[in-house]
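Accompanying notes for the structure given below.
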Amino acid sequence: MPDGAVLRGLAKLDRRLLWRLPAKGKEVYLTFDDGPEPDVTPQLLDLLAAHGAKATFFCIGEKARRHPDLIARMAGEGHGIGHHTWDHADAWRTSATAYFRSVLRGAAEVGGPLFRPPYGHLACGHAALLAKRFQVVMWDVMGGDFRPGRSAEACARHVLRSIRPGSIIVLHDNPKSAACVQGALPLILGGLSQKGFRAGALTPQVMNRPRR
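So the sequence shown is residues 949 to 1160, counted in the working numbering.
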């Protein structure tokens, strides 16, 4: 996935991609990719509820179809929901036709205007086409919970050191990241509270704020 320097450069080059939001006060946006997973997502939802925090889940279409109860719970508890293709298609390794078929099928299953490309990968011309139908949401803070050997403490420490008002933070609710993210999330939520930050969802009201 792109590192911080690359992300900052891309943010300046292409304003069609959302990397960070202006915030009212100290507000940040937790996001989770690759779910829903019945062995991971419910625990994360429980933790968010216990801390009074909201997040946005970028869901894979075929998993959303298999677990509609989790999609309903996310919506019922006030979290944002976006789509993440049907089958986690990688734009750098998939033909344009197959990629956009996966995007549209995922959008039809999950619904809503928010889209995040798997791995943050977009091929030439993709941003322009996607922006006609969706808000493409990227990030400015990557927790790295998917990295082999990444500890929960290291993940949380990196997130808390990197955030600023309006930051969009990426974590994952998939089996590969489960141990790390389930340990890191309470540390992140506790640290946000200590720093005076609030974790919000990417809602239409938030998305319509003027961009800086």
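A virtual CB, placed ideally from N, CA and C, is assigned to each residue, including glycine.
Proximal residues to A968 (C-beta, below 7 Å), its chain only, five neighbours per side dropped: As a first step, residue 968 is located in the sequence shown; it is residue number 20 there, counting from the start. It is worth fixing the name first, because residue 968 is Arg in this sequence and not Ala. Answer for R968: D1088, G1114, S1115 and I1116, listed in chain order.
Inter-residue Cα distance where the pair is I1029 and S1141: Counting from 1 along the sequence shown, the entry for residue 1029 is found at position 81. Counting from 1 along the sequence shown, the entry for residue 1141 is found at position 193. Put simply, the backbone Cα of I1029 is about 23 Å away from that of S1141.
Same chain only: Cβ atoms within 6 Å of L1137, ignoring 5 sequence neighbours per side: For the purposes of this step, residue 1137 is identified with residue 189 of the sequence shown, where counting begins at 1. H999 and A1001.
Take K1053 as the anchor and find which of A1075, G1092, R1013 and Y1067 has the nearest alpha-carbon. Here residue 1053 is taken as the residue at index 105 of the sequence shown, counted from 1. Reading off the sequence, residue 1053 comes out as Arg, not Lys. With distances taken between Cα atoms, R1053 lies closest to R1013.
For the segment 1143–1155 and the segment 969–980, state whether three or more C-beta atom pairs, one from each stretch, are separated by less than 8 Å. yes
What's the gap between the Cα of F980 and the Cα of C1128? Numbered from its first residue, the sequence shown carries residue 980 at position 32. Numbered from its first residue, the sequence shown carries residue 1128 at position 180. For F980 and C1128, the distance between alpha carbons rounds to 13 Å.
Cβ-Cβ distance between P1066 and H1036 below 8 Å: In the sequence shown, counting from the first residue as 1, residue 1066 sits at position 118. In the sequence shown, counting from the first residue as 1, residue 1036 sits at position 88. Cβ distance < 8 Å, so P1066 and H1036 count as in contact.
So, does the segment 1063–1081 touch the segment 1092–1106, judging by three or more C-beta pairs under 8 Å? no
Between the C-alpha atoms of R1041 and V1051, what's the straight-line distance to the nearest angstrom? The residue given as residue 1041 occupies position 93 in the sequence shown. The residue given as residue 1051 occupies position 103 in the sequence shown. Computed Cα separation, rounded: 14 Å.
Is it the case that the Cβ atoms of D1121 and D982 are separated by a distance below 8 Å? To locate residue 1121, count along the sequence shown from 1; it is residue 173. To locate residue 982, count along the sequence shown from 1; it is residue 34. The answer is yes: Cβ separation under 8 Å.
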